[in-house]
Amino acid sequence: MPNFLPLLITGLMNGAIYALVALGFVLIYKATDVINFAQGELLLVGVYVTFALVAETGFPLRPWPWPLAIAAALAVAVGLGVLIERLVLRPLIGEPIISVIMVTIGLSQLLRAIVAAFFGTSQRAFPPIFPSHVIELFGTRITADRLWALGIAGLLLLLLSLFFRFSTTGIAMRAAADDQQAALSMGISIKRVFAIAWSIAAVVATIGGLLVANNNGGINTSLGNIGLLVFPVVILGGLDSIPGAIIGGIIIGMIESFSAGYLNVKLGLEGLESVLPYVLLIIILMIRPYGLFGREIIERV
Amino acid sequence: MLSINNIEVIYNDVILVLKGLSLEVREGQIVALLGSNGAGKTTTLKSISGLLKPENGAVTDGTIEFMGQRIDRRDAADIVRMGIFQVMEGRRVFEHLTVEENLRAGSYIRRDRGVKDDIEKVYAYFPRLRERRHQKSGYMSGGEQQMLAIGRALMARPTMMLLDEPSLGLAPLLVQEIFGIIQRINRDEGVTILLVEQNARLALSVADYGYLMENGRVVMADETAKLRDNADVREFYLGLGAGDTAKSYRSIKSYKRRKRWLS
Ligand SMILES: Nc1ncnc2c1ncn2[C@@H]1O[C@H](COP(=O)(O)OP(=O)(O)OP(=O)(O)O)[C@@H](O)[C@H]1O
Ligand SMILES: [Mg+2]
């Protein structure tokens, strides 16, 4: 099989990025019962803030070094996420789910419009974050920036998994997702849990977005569409499953990569890779409506 | 240690549930709070632990004091930190978490290093939990879940536990076992206990002092030995008539005598 390793690495890399963005989505849903259609725009804001600090002319003290610019962008994204939760979504607690969805869709349009107002909608060159020299790996040639992206996304996913599995705060967040009142009865602050969920979601979205921007070498406001692209991932893994988001992301990344690499050429179907995830989504929903790892409703008999 | 002074509790701004309730719990005691369905027992516990707010309930009159401090305006997290832990009705374990994760959730307010030792202590009280430590708690039996709910409370190292119907839906033998452990927790850990029960006979057999509630008020309070001898209590709560024959408290005569407490 030609190109197997490069396709595998691309698939894993994209998959890990999808997993990151999907994880933010799942976290917010699990903790606060909000289906957040503005996840992609949270990412957009984070990426554009970084871009402004590093590359936009006329910005004070520019150019900022990457670590500082990224840290500042993460802070902005976290602040925005927490503010949205506090000011927009918390007052909606108890409202029908469809109202909440409409509000997050409206929010996504608003954020996108704000970003467009500042930066325009045209494609902008995004300066490379990682070195991109070519590396020989098991006889194939791969650029270093893909390995960097894969490494960073993978590491972040690993750290988050460990956090939710073993840390006291992670356990408290899962406990609150299970039974808010019982969590409250042991002193777990639900407000804090909500804020942490939105913060983590903003951080993973921004980092995922930066990796995509670095990969593409350019950005425009349609970068926010990733928020919709991870939908098949989230449904595949289960709307409320953290491992599901990770495994779902990697499966979809692989399917895209290998179908682009092998099937498209063989079948002559351009763009098959962007349709296949949705085909898979429909099939999964028919066999397992809660997704592969969706939370089973525990009913003892 | 805990004193409730003449409190009034209202849900949704209109539903008056507690109507001037007072009670006292002394350090080291087990105090039983008895009453029929809807009397307001759970509401009383929630007004102590600060769990009324999420249900849109509020203490609108009177005070609750714990160790000399007013707690009726504090939020639930503060009250847990002060040493009061409510084990809610219906066990309420975190179903998708393992036994051990449930126990760690119970220790949430603590930041000391003793958590591991305390998990071992809980397993010593409830060896069955140790066997199932990595199992999702949602798949455990009702009795095991009740053990977990009590063990989880121990993890917070409370000075006072509020237990809401720990015998609910459990087989008699298991109830015996759990009540034995409640007594041990009281004696060996020095945890003061306020116990809400439907099973009056059982509650009075372990408690030092008892309160009877009707319709949002305390209608009788005494040492348990005296309560057990009281004719009304024998008849309505223990289901024993004058001649010790079992008898339903739904009978008309009982109803009339119950009425008398209300006036
Ligand atoms: N969240 C709520 N909103 C409105 N009314 C409530 C609420 N919770 C309880 N009540 C009412 O308050 C009264 C007392 O309820 P509570 O649960 O305290 O009784 P209880 O003595 O614990 O009863 P049980 O033995 O059935 O558990 C009931 O009439 C109930 O309908
Ligand atoms: Mg009750």
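The listed protein sequences correspond, in order, to chains A and B.
The opening position of the first sequence corresponds to residue 1 in the numbering used here, with each subsequent residue numbered one higher.
The opening position of the second sequence corresponds to residue 1001 in the numbering used here, with each subsequent residue numbered one higher.
Even for Gly, the Cβ is constructed at its ideal location relative to N, Cα and C.
For A/Asp33, would you say it is in contact with chain B, using Cβ-to-Cβ distances shorter than 8 Å as the test? For the purposes of this step, residue 33 of chain A is taken as residue 33 along the first sequence, with counting starting at 1. So, not an interface residue.
heavy atom of ligand 2 below 7 Å from B/Lys1121 C-beta: Mapped onto the second sequence, residue 1121 of chain B falls at position 121. No, ligand 2 has no heavy atom inside 7 Å of this Cβ.
- Query: Should the stretch 234-253 of chain A be regarded as contacting the stretch 127-141 of chain A, the criterion being three or more beta carbon pairs within less than 8 Å?
  - Reply: no
Worksheet item: Would the stretch 247-256 of chain A and the stretch 11-29 of chain A be scored as touching if the rule is three or more Cβ pairs under 8 Å?
Response: yes
Locate the alpha helix (DSSP H) running through B/Met1147, then write down its first and last residues.
As a working mapping, residue 1147 of chain B is identified with position 147 in the second sequence. Per DSSP, B/Met1147 belongs to the alpha helix (DSSP H) from Gly1142 to Leu1154.
Query - Coarse secondary structure for A/Glu136, derived from DSSP in three states - result: Reading the first sequence from its first residue, position 136 is the one you call residue 136 of chain A. Note: A/Glu136 maps to strand in three-state DSSP.
Closest residue to B/Lys1226 among B/Leu1097, B/Tyr1209 and B/Arg1187 (Cα-Cα distance): Your numbering for residue 1226 of chain B matches position 226 in the second sequence. Of B/Leu1097, B/Tyr1209 and B/Arg1187, the residue nearest in Cα terms is B/Tyr1209.
query = A/Leu184 versus chain B: which residues are under 8 Å apart at the beta carbon?
reply = Within the first sequence, residue 184 of chain A is the residue found at index 184, counting from 1. Residues of chain B passing the Cβ test: Leu1051, Pro1054, Ala1076 and Ala1077.
Practice prompt. Decide if A/Ser185 is buried, meaning its Cβ has at least 16 other Cβ atoms within 10 Å, or exposed.
Written response: To locate residue 185 of chain A, count along the first sequence from 1; it is residue 185. The residue is buried, with at least 16 neighbouring Cβ atoms inside 10 Å.
query: Straight-line CA distance for B/Gln1176 to B/Leu1204?
result: Start at 1 with the first residue of the second sequence, and residue 1176 of chain B comes out as number 176. Start at 1 with the first residue of the second sequence, and residue 1204 of chain B comes out as number 204. B/Gln1176 and B/Leu1204: Cα-Cα distance of roughly 13 Å.
Could you tell me if the beta carbon of B/Thr1042 falls within a distance shorter than 7 Å of some heavy atom in ligand 2?
-> Indexing the second sequence from 1 puts residue 1042 of chain B at position 42. Yes - ligand 2 has a heavy atom lying nearer than 7 Å to the Cβ of B/Thr1042.
Rounded to the nearest angstrom, what separates A/Phe78 and A/Ala202 at their Cα positions? Here residue 78 of chain A corresponds to residue number 78 of the first sequence, with the count starting at 1. Here residue 202 of chain A corresponds to residue number 202 of the first sequence, with the count starting at 1. Contrary to the premise, residue 78 of chain A reads as Val rather than Phe in this sequence. Straight-line Cα distance between these residues: approximately 5 Å.
Q: With DSSP as the reference, label B/Phe1066 as helix, strand or coil.
A: Along the second sequence, read from residue 1 onward, the residue named residue 1066 of chain B stands at position 66. Reduced to three states, the DSSP call for B/Phe1066 is strand.
Using a Cβ-Cβ cutoff of less than 7 Å, which residues in the same chain neighbour B/Ile1079 once the five nearest sequence positions on both sides are dropped?
In the second sequence, residue 1079 of chain B corresponds to position 79, counting from 1. Excluding residues within five positions, the ones whose Cβ falls inside 7 Å are Ser1049, Gly1050 and Ile1071.
Item to check | Inter-residue Cα distance where the pair is B/Leu1045 and B/Glu1197 | outcome: Along the second sequence, one-based indexing puts residue 1045 of chain B at 45. Along the second sequence, one-based indexing puts residue 1197 of chain B at 197. B/Leu1045 and B/Glu1197: Cα-Cα distance of roughly 12 Å.
Query - Coarse secondary structure for A/Val233, derived from DSSP in three states - result: Stepping through the first sequence from its first residue, residue 233 of chain A is reached at position 233. Helix at A/Val233.
Just reading off the beta strand (DSSP E) that B/Gln1086 is part of, what are its end residues? Numbered from its first residue, the second sequence carries residue 1086 of chain B at position 86. Counting along the chain, the beta strand (DSSP E) containing B/Gln1086 begins and ends at Ile1084 to Val1087.
Taking 8 Å as the threshold (C-beta atoms), are B/Ile1007 and B/Asp1075 in contact? Counted from its first residue, the second sequence places residue 1075 of chain B at position 75. Counted from its first residue, the second sequence places residue 1007 of chain B at position 7. Cβ atoms of B/Asp1075 and B/Ile1007: not closer than 8 Å.
Report task. Could you tell me whether any non-hydrogen atom of ligand 2 is closer than 7 Å to the CB of B/Glu1089? Result -> Working through the second sequence from its first residue, we reach residue 1089 of chain B at position 89. For ligand 2, at least one heavy atom lies less than 7 Å from the Cβ of B/Glu1089.
The alpha helix (DSSP H) enclosing A/Gly120, as first and last residue numbers
Stepping through the first sequence from its first residue, residue 120 of chain A is reached at position 120. Careful: A/Gly120 lies outside any alpha helix (DSSP H) and carries neither H nor E.
Next on the checklist: Give the list of continuous beta strand (DSSP E) stretches no shorter than 3 residues that lie fully inside the stretch 1152-1200 of chain B.
Outcome noted: 1160-1164 and 1192-1197
Residues bridged to B/Thr1098 by DSSP? The count along the second sequence starts at 1 and reaches residue 1098 of chain B at position 98. According to DSSP, B/Thr1098 bridges with B/Lys1136.
- Query: Under the DSSP definition of a beta bridge, which residues are partnered with B/Ala1221?
  - Reply: Translated into positions along the second sequence, residue 1221 of chain B becomes position 221. In DSSP, B/Ala1221 forms a bridge with B/Tyr1211.
Q. Does ligand 1 have a heavy atom nearer than 7 Å to the CB of B/Asn1012?
A. Mapped onto the second sequence, residue 1012 of chain B falls at position 12. True, at least one ligand heavy atom lies under 7 Å from that Cβ.
Check whether the Cβ of B/Ile1004 sits closer than 7 Å to any heavy atom of ligand 1, and report yes or no.
-> Mapped onto the second sequence, residue 1004 of chain B falls at position 4. False, no ligand heavy atom lies under 7 Å from that Cβ.
> Any chance the CB of B/Glu1165 is under 7 Å from a heavy atom of ligand 2?
Replying inline: Sequence index remark: in the second sequence, residue 1165 of chain B carries index 165 (1-based). Yes, since a heavy atom of ligand 2 falls inside the 7 Å radius drawn around the Cβ of B/Glu1165.
Which partner residues does B/Glu1024 have in the DSSP bridge list? Stepping through the second sequence from its first residue, residue 1024 of chain B is reached at position 24. Paired residues: B/Ser1003.
Checklist line | Distance CB(B/Leu1148)-CB(B/Val1093) smaller than 8 Å | finding: The residue given as residue 1148 of chain B occupies position 148 in the second sequence. The residue given as residue 1093 of chain B occupies position 93 in the second sequence. In this structure, B/Val1093 lies closer than 8 Å to B/Leu1148 by Cβ.
- Item | N- and C-terminal bounds of the alpha helix (DSSP H) containing A/Ile171 | In the first sequence, the residue the question calls residue 171 of chain A occupies position 171. It spans Thr168 to Asp178 - the alpha helix (DSSP H) in which A/Ile171 sits, taken as one unbroken run.
inquiry  = Can you find the residues in the same chain that come closer than 6 Å, C-beta to C-beta, to B/Tyr1125, ignoring five residues on each side of it along the sequence?
reply    = One-based indexing of the second sequence puts residue 1125 of chain B at position 125. Once the five neighbours on either side are set aside, the close Cβ partners of B/Tyr1125 are Ile1181.
_Could you check if A/Gln180 belongs to the surroundings of ligand 1, using beta carbon to heavy atom distance under 7 Å?_
Taking the first sequence and counting its residues from 1, one reaches residue 180 of chain A at position 180. Answer for A/Gln180: no, Cβ out of range of ligand 1.
Notebook entry, point to check: Can you find a CB in chain A that lies within less than 8 Å of the CB of B/His991?
Noted result: A question about residue 991 of chain B goes unanswered here, because the residues of chain B that appear run from 1001 up to 1263.
Exercise for the section: Please list, in chain order, all residues of the same chain as B/Ile1119 whose beta carbon is under 6 Å from its beta carbon, the five residues on each side excluded. Expected result: Indexing the second sequence from 1 puts residue 1119 of chain B at position 119. Leu1103, listed in sequence order.
Beta-carbon proximity of B/Val1009 to B/Val1059, cut-off 8 Å:
As a first step, residue 1009 of chain B must be located in the second sequence, where it is residue number 9. As a first step, residue 1059 of chain B must be located in the second sequence, where it is residue number 59. Yes.
Is there a Cβ of chain A sitting closer than 8 Å to that of B/Ala1200, yes or no?
Your numbering for residue 1200 of chain B matches position 200 in the second sequence. No, because no Cβ of chain A sits closer than 8 Å to the Cβ of B/Ala1200.
### Query
In chain B, which residues lie less than 9 Å from A/Phe174 when you measure between Cβ atoms?
Taking the first residue of the first sequence as position 1, residue 174 of chain A is located at position 174. Reading the sequence as shown, one finds Arg at residue 174 of chain A and not Phe. Going along chain B in sequence order, the residues near A/Arg174 (Cβ under 9 Å) are Phe1094, His1096, Leu1097, Glu1101 and Ala1105.
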